[in-house]
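Data first, discussion second: the structure below is written as structure tokens.
Residue numbers (my numbering): 246 to 660.
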């Protein structure tokens, strides 16, 4: 029996995604777990894997279409299987916000009234051009004249890659009519910059977090002498690509500590608290225009070097713009580390629906007093932000104390 592949829901607040590119074509063989398509969400471009094996019998949406979550996007079956016409012809015209033309029809968007003088390219792109919504959006932002772009999509439709190739091959195209497109601003004038989808998503989620979650904060200073010494010893024995970062030790230490504090490895669901069985640590990664969180699943069960390798690989995928859904979703507790920027201390905003997040500063050599003697020692400050509906200050303080056992006796993270 044929299987229908649906647009996945990546995150509790995702409503739709843009299907950027089909990796498999109709008639090609596909196995369960193979990449079927690439979709663009508010966060990143994500590779969607097939949930079934067989032959791709039908692709139900065009490249560039904006598709609501859980909507059918493809059908996978056997090569000789009869697929009902109702299933293969159920293609909805999915343009911006679900509006547009069907697969065999020309796209004909009505030009909108534009008050500022960007008329030339904008009007050409909004009338009778067979182009995906995403391609039109990129062309508007980069001032590319789509009338000079050859489409490679179904029926000659212009898709994202066509615009990007045109920008690389003919950079002069983007400035073909500068007087009609660009309005010179007087020297010293303010600049208005549109927010990216990622920035909009961050703004929406962080506003929701700070206005709906009552945060409280607990800070602690950790002795890092033993950890820094152990790290130096380990890194002297492994190849450059496998060297451990301070953050790798922190991820493993936090995961082990959360075993003792299931109330902080949790999320609030109405009047109940869901304590997660798995300890999935989210690590904030800086990308252009914002942050994404990669997820090290069951970090408490993994060796330190495995944690390090996985986090490095996922961070690389994020910065390349190609991640898998499981790499950025499903965290149960998050860590935000600004230590590489020489930040002494800060507090982070909770990543909903999680109950807590740890903000980590730099490990620094400082003058310290131990046993009445002044000496130089490694110290690191960290601040725990907790949802006060789920936990209280005493539990937060005990968590920070328990974390010190692993950070200050780091052999516990290896044996």
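C-beta atoms are modelled at their ideal positions from N, C-alpha and C, and glycine is treated no differently.
By the criterion of a C-beta distance shorter than 7 Å, residue 251 is surrounded in its chain by 315, 316, 317 and 318, once the five residues flanking it on both sides are discounted. Listed in chain order, the non-local C-beta contacts of residue 646 below 8 Å within the same chain comprise 465, local neighbours out to five positions each way being set aside. The residues 610, 611, 612 and 613, in chain order, have a CB closer than 8 Å to that of residue 621 in the same chain once the five nearest residues on each side in sequence are set aside.
Proximity of the segment 624-637 to the segment 533-545 falls short of the contact definition, fewer than three beta-carbon pairs being nearer than 8 Å. By the criterion of a C-beta distance shorter than 7 Å, residue 603 is surrounded in its chain by 499, 580, 627 and 629, once the five residues flanking it on both sides are discounted.
Here the C-alpha atom of residue 451 lies approximately 35 Å from the C-alpha atom of residue 657. Approximately 23 Å separates the beta-carbon atoms of residue 544 and residue 588; this is outside 8 Å, ruling out the contact. Residue environment: residue 454 is assigned as buried (16 or more neighbouring CB atoms within 10 Å of its CB, all protein chains considered). Counting C-beta pairs with one atom in each stretch, the segment 271-278 and the segment 287-301 have three or more that are closer than 8 Å, which means they touch. Here the alpha carbons of residue 591 and residue 582 stand approximately 10 Å from one another.
According to the DSSP assignment, residue 504 belongs to no alpha helix (DSSP H), since it is labelled neither H nor E. Only residues of its own chain outside the window of five on either side were considered, and among them 467, 468 and 471 have a CB closer than 7 Å to the CB of residue 653, listed in chain order. Beta-bridge partners of residue 251 (DSSP): 317.
Taken through DSSP and simplified to helix, strand or coil, residue 409 comes out as helix. Rounded to whole angstroms, the gap between the alpha carbons of residue 493 and residue 585 is 13 Å. Under the 10 Å beta carbon count, residue 565 is surrounded by fewer than 16 other beta carbons and is classified as exposed. Closest by C-alpha distance to residue 268, out of 520, 636 and 280, is 280.
By the Cβ-count criterion, residue 559 is buried, with 16 or more other Cβ atoms from all chains shown falling within 10 Å of its own Cβ. The DSSP assignment places complete alpha helix (DSSP H) segments of no fewer than 4 residues inside the segment 535-615 at 549-565 and 570-573, in order along the chain. If you draw a straight line from the Cα of residue 461 to the Cα of residue 623, it comes to about 27 Å. According to DSSP, residue pairing for residue 629 in a beta bridge involves 463 and 603. In the three-state reduction of the DSSP assignment, residue 278 falls in the coil class. Assignment of beta-bridge partners to residue 303 by DSSP yields 320. Less than 8 Å separates the beta-carbon of residue 521 from that of residue 577. Distance from residue 263 to residue 311 at the Cβ level is roughly 5 Å; contact confirmed, criterion being Cβ atoms closer than 8 Å. With 16 or more other CB atoms across the displayed protein chains lying within 10 angstroms of its CB, residue 562 is buried.
When DSSP states are grouped into helix, strand and coil, residue 497 belongs to the helix group.
Shown here for residue 648: same chain residues with a beta carbon closer than 7 Å to its own, the five before and five after excluded, namely 498, 499 and 502 in chain order. Taken through DSSP and simplified to helix, strand or coil, residue 647 comes out as helix.
Secondary structure note for residue 265: its beta strand (DSSP E) is the uninterrupted segment 261-267.
When 321, 271 and 282 are compared, the shortest CA-CA separation from residue 247 is found for 321.
No Cβ-Cβ contact shorter than 8 Å links residue 327 with residue 303. Close CB contacts of residue 641 within its chain, under the 6 Å cut and outside five residues either way in sequence, are with 463, 629 and 631 (chain order). Shown here, residue 624 sits in a strand according to DSSP, grouped into three states. In this structure, DSSP gives residue 634 a state outside helix and strand, which the three-state scheme calls coil. Exposure of residue 504 is indicated by the presence of fewer than 16 other C-beta atoms within 10 angstroms of its C-beta.
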